Amino acid sequence: MRPVKPKISRRDFFKAGTIIVGGITVASAFTPYDAVLIAAEKPKTGKWYGIGIDINKCIGCGKCASACKQENNVPKAPFYFRSWVEQYTIKNDGTIIVESPNGGIDGFKQSVPTNEIFKSFFVPKMCNHCAKSPCVQVCPVGATFETPEGIVLVDENYCIGCRYCVQACPYGCRYIHPEKGTADKCTLCIHRLVKGLQPACFEICPTEARIFGDLNDPASKVNYFLKNHTCMVIKPHLNTGSKLFYNALSSEVR
Amino acid sequence: MPQHLKRLVGVFAVFIILFLILHYLLTPSSFGELGHYRAKAIPENELKELHYAGSEQCSKCHEDIRKDKAIGFHAKLKCEVCHGPGLKHALYADQFKAGQLPDSLILYKPGERKDCSVCHQFNAARLKIQFDTINTSMIHQVNSIEHNPFDKKTKVEFKCIECHNPHQP
Chain A
2 MRPVKPKISR
12 RDFFKAGTII
22 VGGITVASAF
32 TPYDAVLIAA
42 EKPKTGKWYG
52 IGIDINKCIG
62 CGKCASACKQ
72 ENNVPKAPFY
82 FRSWVEQYTI
92 KNDGTIIVES
102 PNGGIDGFKQ
112 SVPTNEIFKS
122 FFVPKMCNHC
132 AKSPCVQVCP
142 VGATFETPEG
152 IVLVDENYCI
162 GCRYCVQACP
172 YGCRYIHPEK
182 GTADKCTLCI
192 HRLVKGLQPA
202 CFEICPTEAR
212 IFGDLNDPAS
222 KVNYFLKNHT
232 CMVIKPHLNT
242 GSKLFYNALS
252 SEVR
Chain B
57 MPQHLKRLVG
67 VFAVFIILFL
77 ILHYLLTPSS
87 FGELGHYRAK
97 AIPENELKEL
107 HYAGSEQCSK
117 CHEDIRKDKA
127 IGFHAKLKCE
137 VCHGPGLKHA
147 LYADQFKAGQ
157 LPDSLILYKP
167 GERKDCSVCH
177 QFNAARLKIQ
187 FDTINTSMIH
197 QVNSIEHNPF
207 DKKTKVEFKC
217 IECHNPHQP
């Protein structure tokens, strides 16, 4: 069989190739790729909810965890939580102990003798309401989503209970509701927000360690908190666009 | 076009039409309005039942306690922190006479030692000086067994509220 003569000459091939590659390079310079830590741009208008938690102020009373359970009818069993508190204890020899007996609802008992403790602190945890949520990305049916206001919600009537999102959440903030059989998580008490009330855990915090507000409003409490404290999110390397900012977050917290 | 290709095109067309019909029938009406989800799920989530009323509701009837509390260490504490969710109580309690409230409307009255020690029991993690300029107070911590020992003879534990008024500790 004779070799087929190509329709395009070698010269034209290189010409076209150079134009395509060069064009892409020039175009990408004009629309720079987002830096790793900037997961998603927030909307310029409307509300964009964010949360601030001051670890220095948390006294580990666990009232937020129990308030959340009562407000949202979360099952009482000690492994279903939308909001819970962990006690981190770093001993003098460097070992890290993390405890969360019943999410902190019944109070914490110091398990390590005081003279062995290097430092100890409480970390209240809840849904981070990520702007680029891993849990939303894995949902095969579109039953979990980010609202235009930045709240990650579950559509109970549409969820098939496949548990992908439970595995995908790097913060462990989801569970399968034992009665409904669907995924369940923090809704930032959206049913209270629409009535002008604070979410239950923010309402109840006795030391005001939890701050909540609109990140788009320069005068909001959460923006004041972010300006005046050194804040960090948990697992920033995962690029989830977490909107839960902790003051005084230690690197031990996972 | 050969005969077998014509048949194949026909079969594909039938499948595509069937898919489009099923897709139309099975997709909820509000799906895709705001994104890849049912837009109606947002109002459904907003319609959940409330349980916590907020402290403004409490002081409508219990103004005396609010005044008591306002000058004590617990001034910033909301009522529902200790007493639990009280929206039902706030909505329906005035329909009954004092002392005749049904059990479902009576709020929790914390009086046991464990209720206080949730916040005030000594714990290394609670030992902090708060550098915030607005809130400079530290929480009072005690070792409740040393501070208020059990009765040696009867082994009965004394309650914290026998000495401290929780509204004005």
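These protein sequences, in sequence, are chains A and B.
Note that our numbering has the first sequence beginning at 2, numbered continuously upward.
Note that our numbering has the second sequence beginning at 57, numbered continuously upward.
Built from N, CA and C at the ideal position, the CB exists for glycine as well.
Remember, predicted model here, so these are calculated numbers, not experimental data.
Straight-line gap, residue i to residue j (C-alpha atoms, nearest Å)
i	j	result
A:Ala184	B:His60	48 Å
B:Gly142	A:Glu204	13 Å
A:Glu150	B:Leu103	17 Å
B:His203	B:Gln197	10 Å
A:Cys62	B:Val174	5 Å
A:Phe246	B:Val65	57 Å
A:Ile9	A:Val22	18 Å
A:Cys174	B:Lys123	40 Å
B:Leu246	A:Tyr176	Because chain B is modelled from 57 through 225, residue 246 of chain B falls outside the range shown and cannot be assessed.
A:Asn224	B:Phe152	45 Å
A:Gly24	A:Asn240	29 Å
A:Ala169	B:Glu168	41 Å
B:His220	A:Val195	39 Å
A:Met233	B:Ile162	42 Å
A:Glu157	A:Phe82	17 Å
A:Val124	A:Lys236	14 Å
A:Leu216	A:Gly53	10 Å
B:Tyr80	B:Leu90	18 Å
A:Lys126	A:Glu87	7 Å
B:Cys71	B:Ile77	Before going further, note that residue 71 of chain B is Phe rather than Cys in the sequence given. One C-alpha to the other measures close to 10 Å.
B:Val212	B:Pro205	9 Å
Chain B within 8 Å of residue i, Cβ atoms only
i	result
A:Lys126	no
A:Ile54	no
A:Ser121	yes
A:Tyr247	no
A:Ile235	no
A:Cys62	yes
A:Thr115	yes
A:Ala40	Note that A:Ala40 scores 48 on pLDDT, short of 50, meaning its location in the model is unreliable and no value can be drawn from it.
A:Asp215	no
A:Tyr159	yes
A:Pro207	yes
A:Glu253	no
A:Ala201	yes
A:Leu250	no
A:Leu154	yes
A:Ile118	yes
Bridge partners - residue i, DSSP secondary structure assignment
i	result
A:Pro125	A:Val86
B:Gln224	B:Asn221
A:Phe146	A:Leu154
A:Glu100	A:Gln88
A:Tyr159	According to DSSP, A:Tyr159 bridges with nothing at all.
B:Gln177	B:Val198
A:Lys120	A:Ile91
A:Ile177	A:Ala184
heavy atom of the ligand NAD below 7 Å from residue i C-beta
i	result
B:Phe75	The ligand NAD is not part of the structure shown, which contains no ligands of any sort.
Neighbour flag for residue i against chain A, beta carbons, 8 Å
i	result
B:Val212	no
B:Phe206	no
B:Gly140	yes
B:Ala180	yes
B:Val70	no
B:Ile195	yes
B:Pro222	no
B:Gln186	Per-residue confidence for B:Gln186 stands at a pLDDT of 49, beneath the threshold of 50, marking its modelled position as unreliable; the derived number appears in the next sentence. Answer yes: the Cβ-Cβ gap between B:Gln186 and chain A drops below 8 Å somewhere.
| field | beta strand (DSSP E) runs contained entirely in the region 195–255 of chain A, provided each spans 3 or more residues | value | Listed in chain order, they are 211–215 and 245–248.
| Where the region 164–197 of chain A meets chain B: residues whose CB sits under 9 Å from a CB there | Contact annotation: in the region 164–197 of chain A, residues whose CB is within less than 9 Å of a CB in chain B are Thr188, Cys190, Ile191, His192, Arg193, Leu194, Val195 and Lys196.
| field | chain A contacts from the region 102–120 of chain B (Cβ-Cβ distance under 7 Å) | value | Of all residues in the region 102–120 of chain B, Glu102, Leu103, Lys104, Leu106, His107, Tyr108 and Gly110 have a Cβ within less than 7 Å of some Cβ in chain A.
| said: At a CB distance below 9 Å, what residues from the region 64–84 of chain A approach chain B? Give them in sequence order. | reply: Under the 9 Å Cβ criterion, the region 64–84 of chain A contributes Lys64, Ser67, Ala68, Gln71, Glu72, Asn73 and Asn74.
| said: Which residues of the region 87–112 of chain A have a Cβ closer than 7 Å to any Cβ of chain B? Give them in chain order. | reply: So the list reads Gln88, Gly108, Phe109 and Gln111, given in the order they occur along the chain.
| query | Listed in chain order, which residues of the region 85–98 of chain B have Cβ atoms closer than 8 Å to some Cβ of chain E? | reply | Structure shown: chain E not included; protein chains present are A and B.
| query | Counting only runs that start and end within the region 101–128 of chain B, where is the alpha helix (DSSP H) found for 4 or more residues in a row? | reply | For the region 101–128 of chain B, whole alpha helix (DSSP H) runs of length 4 or above, ordered along the chain, are 111–117 and 119–126.
| Using Cβ-Cβ distances below 8 Å, what residues of the region 122–151 of chain B are close to chain A? | For the region 122–151 of chain B, which is checked against every Cβ of chain A, the residues closer than 8 Å are Lys132, Leu133, Lys134, Glu136, Val137, Gly140 and Pro141.
| request: Determine which residues of the region 137–150 of chain A have a Cβ less than 8 Å from any Cβ of chain B, and write them out in chain order. | output: Those residues of the region 137–150 of chain A placed with their C-beta closer than 8 Å to a C-beta in chain B are Gly143, Ala144, Thr145, Phe146, Glu147, Thr148 and Pro149, ordered along the chain.
| task | Check distances from the C-beta atoms of the region 160–181 of chain B to those of chain A and list, in chain order, the residues that come in under 8 Å. | result | Answer set for the region 160–181 of chain B: Lys170, Ser173, Val174, Cys175, Gln177, Phe178, Asn179, Ala180 and Ala181.
| Whole alpha helix (DSSP H) elements within the region 47–75 of chain A, 4-residue minimum | Taking 4 residues as the minimum length, the alpha helix (DSSP H) runs contained wholly in the region 47–75 of chain A are 64–73, in order along the chain.
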